[in-house]
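Below: the structure, in structure tokens.
Numbering (the working numbering), first residue to last: 28 to 138.
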């Protein structure tokens, strides 16, 4: 299976946050969602927020359900953990994962 990937180029003058990452380090694969899809706006906001809050990508677990939301976690925090659940079960799986491992930050995408 082929994936669309962005080239890994880092200009020396790119701004880094307090933990040493550029904003590009928080991105994932190129989106294949419909033009104007709200999930792309959500992904962009998550990327910006995690960069500004100095959250290390490997400390995040992303969970989603099925449908368009199941594709969204692939578009942000490419170096983080991800899990797709069955329809309607993302909140309960996320809660269980959080109880099992408090060292990670959990983010659920649905809709």
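Quick reminder that beta carbons are idealized off the backbone N, C-alpha and C, glycines included.
query                                                                                                                       : result
Identity of the residue in 84, 107, 103 nearest residue 56 by Cα                                                            : 103
In DSSP terms, what residue 89 is bridged to                                                                                : 109, 134
Between the CA atoms of residue 97 and residue 73 - distance to the nearest angstrom                                        : 16 Å
Where residue 28 falls, given that 16 or more other Cβ within 10 Å makes a residue buried                                   : Only weak support exists for where residue 28 lies, its pLDDT of 48 falling under 50; the value from the coordinates is given anyway. Answer is exposed; the Cβ neighbour count stays below 16.
Neighbourhood of residue 93 by C-beta distance below 6 Å, restricted to the same chain and skipping five residues each side : 114
Contact between the region 114 to 129 and the region 57 to 77 (3+ Cβ pairs under 8 Å)                                       : no
Residues near residue 99 in its chain [Cβ-Cβ closer than 8 Å; skip 5 each side]                                             : 60, 66, 69, 70, 91, 136
Contacting residues, own chain, Cβ-Cβ under 6 Å from residue 126 (five flanking each side not counted)                      : none
Three-state secondary structure assigned by DSSP to residue 1                                                               : Limits of the chain in this structure are 28 at one end and 138 at the other, which puts residue 1 out of reach.
Beta-carbon proximity of residue 84 to residue 52, cut-off 8 Å                                                              : yes
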